[in-house]
Amino acid sequence: MSVTRVAIAGLGSIGRVLARRLADGIPGLALACAAARDHAKAQAWLEAEKIVCPLVELGTFPQHADLAIECAPASVFEQICRPMLEAGKQVMVLSAGALLPRPELIELAKARGGQIIVPTGALLGLDAVTAAAEGRIHSVRMITRKPPGGLVGAPYLEANGISLEGLNGPKRVFSGTARDGAAGFPANVNVAAALSLAGIGPDRTMMEIWADPTIDRNCHSIEVDSDSARFTLAIENIPSENPKTGRITALSVVAALRKLHSPLSVGT
């Protein structure tokens, strides 16, 4: 079996799960390197976990790896993706919202023979959406509900002076397109960006975001109407140690990695 060398960009709540899983062993994959904003902290964690993994600069990923996994702040999205794509390699991105304003990266992947992979992440049903998109999708609507702590600091809230302090009931904080939602809540609704890429695009995918103090999970519901099916999907994700991210997000990446070399691949 050929081995895919994997680089991890970011050793936060998601990157650490991936590093542990890759270090424990996934057939056909090898942990090649990682990059982290706080080098000393990352090195201390790797040593404590007894994980052998060199820490390198983002720009050197193509020298070490065949596939880079982006699980870092969206501000360094291009620094992770562009070098790998220019080298004709693969990038698995979790900050799907950062991909929407950068269609040139998709063109770069096409020109150089690289590939951008967007895993399911905290969502579900993307297989059904991509299948429906082979026909005609009439509409896609998504509603996201999160505990207020999972939305604090979002640029849209700060720009519009929306406070979440002292909420005693659900409050709708955004209604609009997936493109605007992803831009205004870059750390919160990458799921909406992934949904729009799978279906009818970020300008026709509509969404609402609610801050809800009555829940302790990140909840997403989707309604799709197409010429092949009409379906509703709902999921309640348990937050990870980072309240903006669900635990299932990292596991979704692990599942996507396994499919790269699995003799049985289930799902579209």
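According to my numbering, the sequence shown holds residues 346 to 613 in order.
Just so it is clear, CB atoms sit at the ideal spot from N, CA and C, and this is done for glycine as well.
Computed from a predicted model, the values in this text were never measured in an experiment.
Under the DSSP definition of a beta bridge, which residues are partnered with residue i?
{"i": "I353", "result": "A379 and I414"}
{"i": "V438", "result": "E415"}
{"i": "A556", "result": "K491 and K516"}
{"i": "T613", "result": "T613 pairs with nothing; no bridge assigned."}
{"i": "S484", "result": "D570"}
{"i": "L374", "result": "T349"}
{"i": "M429", "result": "DSSP, once it has assigned bridges, lists no residue as partnering M429."}
{"i": "T522", "result": "M551"}
Measuring CB to CB, does residue i end up less than 8 Å from residue j?
{"i": "L450", "j": "L430", "result": "yes"}
{"i": "N587", "j": "G357", "result": "yes"}
{"i": "V362", "j": "A595", "result": "yes"}
{"i": "T577", "j": "I593", "result": "no"}
{"i": "G495", "j": "P418", "result": "no"}
{"i": "T305", "j": "W390", "result": "Lying outside 346 to 613, the shown extent of the chain, residue 305 is not represented and no answer is given."}
{"i": "A380", "j": "A354", "result": "yes"}
{"i": "C426", "j": "G360", "result": "no"}
{"i": "A527", "j": "P547", "result": "yes"}
{"i": "V463", "j": "A441", "result": "yes"}
{"i": "A579", "j": "F530", "result": "no"}
{"i": "G466", "j": "L439", "result": "yes"}
{"i": "P558", "j": "N513", "result": "yes"}
{"i": "S602", "j": "I396", "result": "Correcting the residue type first, residue 602 is Leu in the shown sequence and not Ser. No, Cβ-Cβ distance for L602 and I396 is not below 8 Å."}
{"i": "G459", "j": "L605", "result": "no"}
{"i": "I414", "j": "V598", "result": "yes"}
{"i": "I507", "j": "V518", "result": "yes"}
At which residues does the beta strand (DSSP E) containing residue i begin and terminate?
{"i": "V564", "result": "Looking at the sequence provided, one finds Cys at residue 564 rather than Val. C564 -> beta strand (DSSP E) spans N563 to S571."}
{"i": "A579", "result": "R575 to N582"}
{"i": "I359", "result": "Per DSSP, I359 belongs to no beta strand (DSSP E); it is in the alpha helix (DSSP H), S358 to D369."}
{"i": "I461", "result": "Q460 to I462"}
Which same chain residues end up closer than 7 Å to residue i when comparing Cβ atoms and leaving out the 5 residues on each side of it in sequence?
{"i": "G480", "result": "S571, D572 and S573"}
{"i": "G612", "result": "D472"}
{"i": "H384", "result": "L400"}
{"i": "A377", "result": "R350, V351, A352, H409 and A410"}
{"i": "S520", "result": "E553"}
{"i": "L542", "result": "A441 and V463"}
Looking only at its chain, what residues have a beta carbon closer than 8 Å to the beta carbon of residue i, apart from the 5 residues adjacent to it on each side?
{"i": "L540", "result": "L468, L471, V474, V485, M487, A523, T550 and I567"}
{"i": "A375", "result": "V348, T349, R350, V351 and L367"}
{"i": "H483", "result": "D570, S571 and D572"}
{"i": "R457", "result": "L430, E431, A432 and G433"}
{"i": "Q424", "result": "L403 and G404"}
Determine the extent of the alpha helix (DSSP H) in which residue i is found, giving its start and end residues.
{"i": "I396", "result": "Unbroken run through I396: none, as it is neither H nor E."}
{"i": "I593", "result": "R592 to K604"}
{"i": "K455", "result": "P448 to R457"}
{"i": "T475", "result": "L471 to A478"}
{"i": "E503", "result": "P500 to A504"}
{"i": "A467", "result": "Per DSSP, A467 belongs to no alpha helix (DSSP H) and is neither H nor E."}
{"i": "S541", "result": "N535 to A543"}
Skipping 5 residues on each side, what residues in its chain have a beta carbon closer than 6 Å to that of residue i?
{"i": "K491", "result": "N563"}
{"i": "M552", "result": "M487, A523, G526 and A537"}
{"i": "C398", "result": "L376, A379 and L391"}
{"i": "A443", "result": "A419 and F422"}
{"i": "L412", "result": "T349, V351 and Q435"}
**contact_flag[the segment 403-423, the segment 433-441] where n(CB pairs < 8 Å) is 3 or more** = Touching, yes.
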